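Below you'll find the structure, written out as structure tokens, and then a few comments.
There are 4 protein chains.
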Amino acid sequence: MPKLGMEPIRRAALIDAAIAEIGQAGSLDITVSQIARRAGVSSGLAHHYFGNKEQLLLAAMRHVLSDYSLEVRRGLKAAKTPVERLNAIVHGGFAPSNFRTDTVSAWLNFYVLALSSPEAKRLHRIYARRLRSNLIHALRPMADSRAAEIADRAAALIDGFYLNYGLAPELPDGVVATKIVMAAVLRDIADS
Amino acid sequence: MPKLGMEPIRRAALIDAAIAEIGQAGSLDITVSQIARRAGVSSGLAHHYFGNKEQLLLAAMRHVLSDYSLEVRRGLKAAKTPVERLNAIVHGGFAPSNFRTDTVSAWLNFYVLALSSPEAKRLHRIYARRLRSNLIHALRPMADSRAAEIADRAAALIDGFYLNYGLAPELPDGVVATKIVMAAVLRDIADS
Amino acid sequence: MPKLGMEPIRRAALIDAAIAEIGQAGSLDITVSQIARRAGVSSGLAHHYFGNKEQLLLAAMRHVLSDYSLEVRRGLKAAKTPVERLNAIVHGGFAPSNFRTDTVSAWLNFYVLALSSPEAKRLHRIYARRLRSNLIHALRPMADSRAAEIADRAAALIDGFYLNYGLAPELPDGVVATKIVMAAVLRDIADS
Amino acid sequence: MPKLGMEPIRRAALIDAAIAEIGQAGSLDITVSQIARRAGVSSGLAHHYFGNKEQLLLAAMRHVLSDYSLEVRRGLKAAKTPVERLNAIVHGGFAPSNFRTDTVSAWLNFYVLALSSPEAKRLHRIYARRLRSNLIHALRPMADSRAAEIADRAAALIDGFYLNYGLAPELPDGVVATKIVMAAVLRDIADS
DNA sequence: AATGAATGAGTTTTCATTCAT
DNA sequence: GATGAATGAAAACTCATTCAT
């Protein structure tokens, strides 16, 4: 079975398994063995590639964040008008690729992990800053000096909806959520 | 040393200790012994009173939620106008009694606990529904048929700000947060 | 079964068990469970009282050293002449209480542990310095300025015999070893 | 890259690496991977050549002993008088080639390994017997019937100094150690 | 000849939980 | 009512060893 170049494949499989496992358990209280089993490898291998459980979890968090980033960047690239740019950012977190119960559940857990893990905190900070700066940048042409203020409100709204989705998936789906947030932000802008 | 009527005192001490410990650790990964030590009792006693760790944590969650409820109800009682009622609800979560890093950190952890613990989920549901119905009730006189829609947005905004406070306590304090949310909601209402 | 004041009893039992286990295995590669089993307790209790395996091992090393110290001090107290004092020191390590295969084997292992564990090194240093200063002090009246030099040689001789005993217990027993060392030292002194 | 005749080269590299690694760690608790890494090969290769870890360690022990033997034999060949022969033996263990912290540390570890590994014990016995018979042989012309007794004392003295050097390398270097032992032995002989 | 991949058994460690007193 | 003692199951982690290539 041993083949060359398995490392990236195993790492990816373990990260995916970790996210799925966290999503399903709704908690970080999962064992490395569970993750490994789901990834189809031994627990030893997980340690071999990630050193310890925390690193594996952090790699999973990084993965979720980078998926999100990717989605936003893709949207921004296609956007032509300021409103489209705004929409791309808002829609990023609610896009089908990220807005699945598994991912949302994992994301919420990572969110809270940032309270106790310095590295998770760092990663969260990066996410929060990027979201804010993306929003401000998109809002500038439309709201000028009020861009920052509106961006903060928009960010809170996004996080709030995201949060709730994790706990009440029957609530607004991604499309609806995007619409609601967009409407609020646009009204914010329109407000002289 | 055993005295009569110690039960409520011990229970309260253990619950307070649990919240403080969770707040400080930023995680539910704390030991019963830590909690008991902080409460000045043996870990055996914690089990004596709460049966097991989960029940102790849930009692702590209930306590946080009931403190919040209390705050809101007190505000509502004093409120005279619809706007004051609205303000009381929004301000509830940001009031000094709840808006301390410890409490917020514990709250976020309970939030996520709701993903894996049915009872925590039930408690969270109660909170979410009460917040929503409170908001709708307060908004009805001002927004009529749009009350529900505005309430949802307000709830998301509140949660979003609350969430961020846990991770970036340097951000808006309670007073400012209340103002921002109120402003947004009032603008929402004003919008025909 | 749980009684009050068990801690010192359990600690002693675990330390004794550790020494016996090391002695029997001839190596520090023994498990905490083995030690605990021999002491008649669970492995959890060993950790409860000592924190981790290293601390338990170090406690055992301390115990061996303190037994040795005790023996020497007892001998010194009873000694009246310089030669008797010298004999007490030399005899200390070869006394029946310390000179059993178990203890010697444990001692050799601790000796080597000092190469990798700073705390073990510290303990060994204390032993080595005490032995040297005891010897010098006892030799001074008899050898004056040559006391230090003779002491060093005596110490090496003692260690050398001790060492060999661990690997070839059929060799000189404690009484004989003491005699040989004493004879060598006395000749050293007599030498103008 | 596989070449012909690599076996002896790899074996030697692995043995050297093992000694260096033991010396540096001060313990036999090193991993095969560490040794292999230092030798610049994979851990699989170490097993390929030595079968298992124990065999590799024993090979390293054999190497240390054979280096020592070599040194002594070289010295004996050049020696002309009984005293020179004696000196060659004593000096053997303290010669620069063996008397380096790495080697001494490895040696002490092998010494203790002999307590638990039959093969290591066998090797140690060979060393001890050879040392004793070399000493006796060299002492015979000078001490006749007391040769054995003096040899035993000399051996203990050598081991004692060697031992201490491992733990306190600031102490006498090889030249001084040789002189001290030689002086003691010669005095022993002179003593009627 | 040599390796990277992979395993799985074994060990330490943690901790909720139980219980005699 | 309260505790200290004790357990044992579960988890992380390590590492010698195997093996396909």
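Residue numbers (my numbering), protein chains in the order written: chain A, 1 to 192; chain B, 1001 to 1192; chain C, 2001 to 2192; chain D, 3001 to 3192.
We put the CB at the ideal spot given by N, CA and C, even for glycine.
From a predicted model like this one, the values you see are computed outputs, not experimental measurements.
Q) What number of angstroms, rounded off, separates the C-alpha of D:Ala3039 from the C-alpha of D:Ile3030? A) 14 Å
Q: Could you check the C-alpha separation between A:Ala128 and B:Ile1019 for me, to the nearest Å?
A: Their backbone Cα atoms lie some 26 Å apart in a straight line.
Q.
With a threshold of 7 Å on Cβ separation, who are the neighbours of B:Thr1103 within its own chain once the five nearest residues in sequence on each side are excluded?
A. Ile1019, Gly1023, Val1064
Q) Using Cβ-Cβ distances below 9 Å, what residues of the segment 3111-3124 of chain D are close to chain C? A) Tyr3111, Val3112, Leu3113, Ala3114, Leu3115, Ser3116, Ser3117, Lys3121, His3124
(Q) Within 9 Å of any Cβ in chain B, is that where the Cβ of A:Leu167 sits? (A) yes
Q: Compile a chain-ordered list of the residues in the segment 3086-3111 of chain D whose CB is closer than 7 Å to at least one CB of chain C.
A: Ser3105, Leu3108, Asn3109
Q: Measuring only between beta-carbons, confirm whether A:Asn164 sits less than 9 Å from chain B.
A: yes
Q) A:Ser105 to A:Arg62, Cα distance in whole Å? A) The alpha-carbon atoms of A:Ser105 and A:Arg62 are separated by roughly 15 Å.
Q) Using 9 Å as the limit for Cβ to Cβ distance, is D:Leu3014 near chain C? A) No, no contact with chain C.
Q) Taking C-alpha atoms, which residue in A:Glu84, A:Leu70, A:Lys80, A:Lys77 lies nearest to A:Asn98? A) Among A:Glu84, A:Leu70, A:Lys80, A:Lys77, the Cα nearest to that of A:Asn98 belongs to A:Leu70.
Q | Test: A:Ala46 CB closer than 9 Å to a CB of chain B | A | False, the Cβ-Cβ gap to chain B never drops below 9 Å.
(Q) Distance cutoff 9 Å, beta carbons only. Does B:Gly1026 sit that close to anything in chain A? (A) yes
Q. Using a beta-carbon distance below 9 Å, is C:Ala2184 in contact with chain D?
A. yes
Q: Could you say if the segment 84-99 of chain A and the segment 1122-1141 of chain B meet the contact criterion of at least three C-beta pairs nearer than 8 Å?
A: Contact between the segment 84-99 of chain A and the segment 1122-1141 of chain B is not established, with fewer than three Cβ pairs separated by less than 8 Å.
Q: May I have the straight-line CA-CA distance separating C:Gly2160 from C:Tyr2068, to the nearest angstrom?
A: 17 Å
Q | For A:Ile15, the three-state DSSP class (helix, strand or coil) | A | helix
(Q) Please tell me whether B:Ala1143 has its Cβ less than 9 Å away from any Cβ of chain A. (A) Not an interface residue.
Q. For D:Glu3021, which option in D:Arg3074, D:Thr3101, D:Gly3075 has the closest C-alpha, if you only look at C-alpha atoms?
A. Per the Cα distances, D:Thr3101.
**Q.** Within 9 Å, strictly: CB atoms of C:Ala2120 and C:Leu2131
**A.** no
Q) Beta carbon of A:Leu157, beta carbon of B:Ala1156: below 9 Å? A) yes
Q. Using a C-beta cutoff of 9 Å, does C:Asp2173 count as contacting chain D?
A. no
Q: Using 10 angstroms around the beta-carbon of B:Ile1150, count the other beta-carbons present and answer buried if the total reaches 16, otherwise exposed.
A: It counts as buried.
Q.
Below 7 Å on C-beta distance, what does C:Ile2180 contact in chain D?
A. Residues of chain D passing the Cβ test: Arg3153.
Q: Taking C-beta pairs closer than 7 Å, name the residues in chain C that D:Phe3161 reaches, listed in chain order.
A: Ala2156
Q) Measuring CA to CA, which of A:Ala184, A:Lys179, A:Asp191, A:Ala183 is closest to A:Ala95? A) A:Lys179
Q. First and last residue of the alpha helix (DSSP H) that includes A:Arg129?
A. 118-143
Q: Output, in chain order, the set of chain C residues within a Cβ distance shorter than 8 Å of D:Arg3187.
A: Chain C residues near D:Arg3187: Arg2187, Asp2188, Asp2191.
Q.
Once the 5 residues before and after B:Ala1147 are set aside, which same chain residues still bring their CB inside 6 Å of it?
A. Ile1136, Leu1139, Arg1140
Q. Candidates B:Val1176, B:Ala1079, B:Met1006: which alpha carbon is nearest B:Asn1134's?
A. B:Ala1079
Q) Could one say the Cβ of B:Ala1128 lies closer than 9 Å to chain A's Cβ atoms, at least one of them? A) By this cut-off, B:Ala1128 is an interface position.
Q: Could you tell me the distance, in whole angstroms, from the CA atom of C:Ala1980 to the CA atom of D:Ile3126?
A: This structure does not reach residue 1980 of chain C, given that chain C is present from 2001 up to 2192, and the question cannot be answered.
Q. Exposed or buried, which one is B:His1048 when buried takes at least 16 other CB atoms within 10 Å?
A. exposed
Q) Under a three-way DSSP split, which group does C:Val2083 fall into? A) helix
(Q) Tell me the rounded alpha-carbon separation between A:Val32 and A:Gly5. (A) 23 Å
Q.
Is there a C-beta anywhere in chain C that falls below 9 Å from the one on D:Asp2965?
A. The structure shown does not extend to residue 2965 of chain D, since chain D is modelled only from 3001 through 3192, so no value can be given for it.
Q: Could you tell me the distance, in whole angstroms, from the CA atom of B:Asn1164 to the CA atom of B:Gly1075?
A: 24 Å
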